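Here the structure is laid out as structure tokens; the discussion comes afterwards.
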Amino acid sequence: MLHSDTIRPNPTNTYGKKPLSADDEVGQITSLNSKGFLHRQRLNCFYTNAQGFFSKFPEVELRCRTGRWDLIALIETWLTADILDSELRLPGMELLRRDRPTRGGGVLLYYHNSLQCEQIECPFAALDTFWCKLKLTQHDIGLIGASYRPPSSADSSNETLS
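Under full-length UniProt numbering, the first residue of the sequence shown is numbered 1, with each subsequent residue one higher.
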């Protein structure tokens, strides 16, 4: 979940076999402090429901080669603990992930290796939710989150997320 008033959906997609859906978000977070650790005024972010990481990986890999992404959030990765991080690497990117112990779900965040990002524990362990701290300046941090709420979730999940 990337929160910004300046994130705009990308209306078209020409990459890969599986096109992006209207739910995919491509955008820029602006008006971040550009002094200190973050040496730019915006972060380029990409968010998508992967519906299985390996089905979307070629497209994500192509986007990394053809564009400058600072953050890439994938939900519903369907990854398991037996899949090594080394199998998921992208050039110039680091990754953090949270796999679901049962089938389905899962959240993964790639971040550019020029950024300082640290995963933090989420008190909502029942949800496929992922949070990390992003060091913006010497004194400022941003909070980045991605969440997947399965259609079968209880209505109380909406309250938990808000």
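Glycine included, every Cβ here is placed at the ideal spot set by N, Cα and C.
Bear in mind the structure is a predicted one, so any value in this text is a computation, not a measurement.
Item                                                                              : Value
Opening and closing residue of the alpha helix (DSSP H) in which CYS64 lies       : 53-66
For ILE81, the nearest candidate out of ARG97, GLY142 and SER152 (CA to CA)       : What sits at residue 81 in the sequence shown is Ala, not Ile. Among ARG97, GLY142 and SER152, the Cα nearest to that of ALA81 belongs to ARG97.
Status (buried if at least 16 other CB within 10 Å, exposed otherwise) for SER156 : exposed
DSSP state of GLU87 mapped onto helix, strand, coil                               : helix
Three-state class that DSSP yields for SER147 in the structure shown              : strand
Residues near LEU115 in its chain [Cβ-Cβ closer than 7 Å; skip 5 each side]       : ASP70 and LEU134
GLU118, DSSP secondary structure in three states                                  : strand
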